Amino acid sequence: MATPTAPIEIIDADYYQNNGYPFHIWDKLRKDSPVAYCEHPNLVPFYAISRYQDIVEISRQPMLFESAPLLVVQPQRMAEQQIRSIINMDPPDHRSYRKIMSKYFTKKRLNESQPQMDLVAEQILDAVAAKGQEVDFVNEVSKILPLAVIAELLGLPMEDRDQFFQWTNEVVGALDPDFAREDGTQGTELALKAIQEVFEYCTAFADERRKNPTDDLTSVLANAKIDGEYLPPFELLSYIFILIIAGNETTRNATSGGMLALMEHPEQMQYAIEHPEALDNMVEEIVRWTSPIIHFCRTPNKDVTLHGVNIKAGEHIAMFYPSANRDDSVFTDPYKFDILRTPNQHLGYGIGEHLCLGAHLARIELRAIFKGVLNRVQNVELTSQPDRLKSSLIGGIKSLPVKMDFAA
Ligand code: HEM
């Protein structure tokens with residue numbers, strides 16, 4: 003049997019920027035070709051996995067389907083220069099490294115910071131209200147809380163936070179001309195340069211925290227030991243870096259995408275305003291609906307056969323989370339945005355060995371923002387189309403122009 007192929011649109015950053023998610027293609031792949039080979043001229047080739055159950059099974063076998071060889075489908079040159087952090091480590095290292103941070107990201111611990119988070123969200127919305135009705139929701143709302151929170155957790159100085167925001171945009175949005183530097187640096191060059199600059203900054207910062215620890219997470223990482231040894235410099239810097247990137251890019255886009263979904267479904271927004279008790283459920287549905295991470299990769303270390311397709315050891319597979327989150331064998335009426343959906347075991351945060359470390363943090367941030375918005379906004383509408391990021395890793399929204407009427 004010939005190996006089925008997948009259209010390159012599913013990995014084409016231009017497609018995502020111009021059209022959003024290719025749901026119609028994923029629907030067809032899930033139905034007819036759940037494992038499909040895809041070869042984009044500029045990227046490493048891979049097999050696309052589109053069904054929910056397959057992603058679950060692959061993610062739960064980290065000893066066979068490794069994360070280290072390739073994290074995201076990218077140009078070969080980038081693939082050769084990956085960072086080394088928990089997200090692309092395999093057991094047993096993965097478990098030792100994850101253990102260092104896991105106690106700071108538990109539900110119990112993070113729930114304690116909900117009131118503080120709600121307060122910050124209130125301040126963000128006060129500032130928006132003071133500005134007037136027409137705002138870019140991304141710039142004025144979505145980007146602020148995740149950036150402030152992760153910067154605070156890591157102890158990054160206030161005055162350097164915008165610089166970190168720029169670096170994360172440059173890494174994740176390297177292909178997007180909007181993030182090109184004035185000197186013309188863009189694409190792979192830009193991503194590598196931004197990573198180098200973050201590493202230089204964080205080398206000095208982590209050194210300082212090793213000498214003079216405070217109560218922030220950079221101090222925890224800089225002073226952590228595995229088998230009696232400090233983390234090697236590259237692994238330490240990669241750890242800080244992944245927390246900054248993951249802490250920023252995902253929650254910001256879930257917030258923007260969630261706001262867009264509510265505007266497109268005014269009856270759901272009205273229900274949420276009248277039923278504050280639906281907040282937690284709504285936040286889960288927002289993450290299923292928006293699925294801000296488009297894909298992550300795995301690489302089997304033995305030959306495997308999936309749905310009749312032979313994948314050789316060392317070949318890559320990419321798991322498409324938004325596709326899994328529209329799988330009708332799991333979700334009733336998957337194309338309905340339903341803030342009361344239950345059960346809602348979506349894969350927006352992944353599953354298994356690498357289940358999102360920051361999932362509870364993302365939840366409390368999203369609760370804080372949407373509680374604030376729904377509490378006081380009387381009306382909110384889109385004033386022009388959202389501007390999307392050129393990326394096939396993150397479903398990014400760069401700007402979301404809205405008109406907001408606040409309650410007096
Ligand atoms: C809505 C927001 C978020 C979404 C949709 C999301 C999505 C994901 C996904 C899909 C994975 C799985 C990776 C894999 O299986 O290969 C992951 C892992 C991870 N996420 Fe998140 N994430 C979010 C927020 C955050 C935040 C706020 C942090 C902040 C610290 C964070 C930190 C991480 C880390 C460190 C990992 C790697 C965990 C591991 O390898 O053990 N994420 N995330």
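When we follow this note's numbering, the leftmost residue of the sequence shown carries the number 3, and every step to the right adds one.
Don't be surprised by glycine CBs; every beta carbon is placed ideally from N, CA and C.
Keep in mind that this is a model prediction, so the values were computed, not measured.
Next item on the list: Would you kindly report the start and end of the unbroken beta strand (DSSP E) that includes I51?
Entry: Along the sequence shown, read from residue 1 onward, the residue named residue 51 stands at position 49. Run containing I51: F48 to I51, per the beta strand (DSSP E) assignment.
Check: Going by beta carbon distance, what residues of the same chain come within less than 6 Å of T257, once the five residues before and after it are set aside?
Finding: What you label residue 257 is simply residue 255 of the sequence shown in a count that begins at 1. Excluding positions up to five away in sequence, the list reads S144 and I371.
Checklist line | Residue-chain proximity (Q84, chain D), Cβ-Cβ < 9 Å | finding: The structure shown contains no chain D; it is built from a single protein chain.
Item checked: Three-state secondary structure assigned by DSSP to E286 -> By 1-based counting over the sequence shown, the position of residue 286 is 284. Residue state, collapsed to three classes: helix.
Next item on the list: Can you grab the Cα-Cα spacing for the pair G316 / Y18, in whole Å?
Entry: By one-based count along the sequence shown, residue 316 stands at place 314. By one-based count along the sequence shown, residue 18 stands at place 16. Looking at the two C-alpha atoms, the distance is approximately 28 Å.
Next item on the list: Indicate the three-state DSSP secondary structure (helix, strand or coil) for L73 in the structure shown.
Entry: One-based indexing of the sequence shown puts residue 73 at position 71. Three-state DSSP puts L73 in coil, outside helix and strand.
Next item on the list: May I have the straight-line CA-CA distance separating K338 from D178, to the nearest angstrom?
Entry: By 1-based counting over the sequence shown, the position of residue 338 is 336. By 1-based counting over the sequence shown, the position of residue 178 is 176. Computed Cα separation, rounded: 31 Å.
Notebook entry, point to check: Can you tell me where the beta strand (DSSP E) with E38 in it begins and where it stops?
Noted result: Position 36 of the sequence shown, counting from 1, holds the residue named residue 38. Sequence check: residue 38 is Ala here, not Glu. Segment V37 to C40, the beta strand (DSSP E) holding A38.
Notebook entry, point to check: Who are the near neighbours of P148 in its chain, counting only those whose CB is closer than 7 Å to its CB and skipping five residues on each side?
Noted result: The sequence position of residue 148 within the sequence shown is 146, counting from 1. Excluding positions up to five away in sequence, the list reads G249, N250, T253, R254 and E367.
Notebook entry, point to check: Looking only at DSSP bridge pairs, what is C358 linked to?
Noted result: Residue 358 sits at position 356 when you count from the first residue of the sequence shown. DSSP output for C358 lists no bridge partner at all.
Notebook entry, point to check: Roughly how many angstroms lie between the CA atoms of R343 and N283, to the nearest whole one?
Noted result: As a first step, residue 343 must be located in the sequence shown, where it is residue number 341. As a first step, residue 283 must be located in the sequence shown, where it is residue number 281. Taking the straight line from one Cα to the other gives about 7 Å.
Check: Can the beta-carbon of P93 be found closer than 9 Å to that of P71?
Finding: Locating residue 93 in the sequence shown gives position 91, counting from the first residue. Locating residue 71 in the sequence shown gives position 69, counting from the first residue. No, they are not a contact pair.
Next item on the list: List in chain order: all unbroken beta strand (DSSP E) runs of 3+ residues lying wholly within the segment 193-220.
Entry: none
Note to self: Can you give me the C-alpha to C-alpha distance between Y232 and I12, rounded to a whole angstrom?
What the structure shows: On the sequence shown, position 230 is the one that residue 232 refers to. On the sequence shown, position 10 is the one that residue 12 refers to. So the alpha carbons of these two residues sit roughly 41 Å apart.
Next item on the list: Assuming K392 contacts G175 (C-beta within less than 8 Å), just tell me the rounded distance between them.
Entry: Walking along the sequence shown from the start, residue 392 turns up at place 390. Walking along the sequence shown from the start, residue 175 turns up at place 173. Indeed, because the Cβ distance is near 7 Å, the residues count as touching under 8 Å.
Checklist line | Contact under 9 Å by Cβ, F166 with L402 | finding: Translated into the one-based positions of the sequence shown, residue 166 becomes position 164. Translated into the one-based positions of the sequence shown, residue 402 becomes position 400. No, they are not a contact pair.
Margin query: So the candidates are F25, I247 and D56; which of them puts its Cα closest to the Cα of G360?
Written below: Along the sequence shown, one-based indexing puts residue 360 at 358. Of F25, I247 and D56, the residue nearest in Cα terms is I247.
Note to self: Does the distance between the C-beta of L368 and the nearest non-hydrogen atom of ligand 1 fall short of 8 Å?
What the structure shows: In the sequence shown, the residue the question calls residue 368 occupies position 366. Flag set: Cβ of L368 near ligand 1.
Note to self: Using 8 Å as the cut-off, can you tell me whether the segment 110-123 makes contact with the segment 71-89, which would need three or more C-beta pairs spanning the two stretches below that distance?
What the structure shows: no
Item checked: Secondary structure, alpha helix (DSSP H): runs of 4+ residues fully inside the segment 303-365 -> 323-326
Next item on the list: Return the Cβ separation of R86 and F236 in integer angstroms, given the expectation that the two are a contact with Cβ distance under 8 Å.
Entry: As a position in the sequence shown, residue 86 is number 84, starting the count at 1. As a position in the sequence shown, residue 236 is number 234, starting the count at 1. Contact flag correct, Cβ pair sits at about 6 Å.
Notebook entry, point to check: Comparing the CB of F107 with every heavy atom of ligand 1, is any distance shorter than 8 Å?
Noted result: Position 105 of the sequence shown, counting from 1, holds the residue named residue 107. Yes, the Cβ of F107 comes within 8 Å of a heavy atom of ligand 1.
Next item on the list: Please classify M105: is it buried, with 16 or more other beta-carbons within 10 angstroms of its beta-carbon, or exposed?
Entry: Along the sequence shown, one-based indexing puts residue 105 at 103. Looking at the sequence itself, residue 105 is Lys, so the reference to Met does not match. Exposed, since its Cβ has fewer than 16 Cβ neighbours within 10 Å.
Notebook entry, point to check: How would you label L357, buried or exposed, when you count the other beta carbons within 10 angstroms and need 16 or more for buried?
Noted result: Locating residue 357 in the sequence shown gives position 355, where the first residue counts as 1. It counts as exposed.
Margin query: To the nearest angstrom, how far is the alpha carbon of V130 from that of D34?
Written below: Here residue 130 refers to the residue found at position 128 when the sequence shown is read from its first residue. Here residue 34 refers to the residue found at position 32 when the sequence shown is read from its first residue. Rounded to whole angstroms, V130 to D34 spans 47 Å at the Cα level.
Item checked: Proximity below 9 Å, CB of L31 to CB of A8 -> Taking the first residue of the sequence shown as 1, we reach residue 31 at position 29. Taking the first residue of the sequence shown as 1, we reach residue 8 at position 6. A contact, by the Cβ cut-off of 9 Å.
Check: Mind checking P43: buried by the 16 CB within 10 Å criterion, or exposed?
Finding: Within the sequence shown, residue 43 is the residue found at index 41, counting from 1. Burial call: exposed.
Next item on the list: Using alpha carbons as the reference points, say which of L219, D389 and A320 lies closest to C40.
Entry: In the sequence shown, residue 40 corresponds to position 38, counting from 1. The residue with the shortest Cα to Cα distance from C40 is A320.
Next item on the list: Give a yes or no on whether the C-beta atoms belonging to I353 and R62 are separated by under 9 Å.
Entry: Along the sequence shown, one-based indexing puts residue 353 at 351. Along the sequence shown, one-based indexing puts residue 62 at 60. Closer than 9 Å, so yes.
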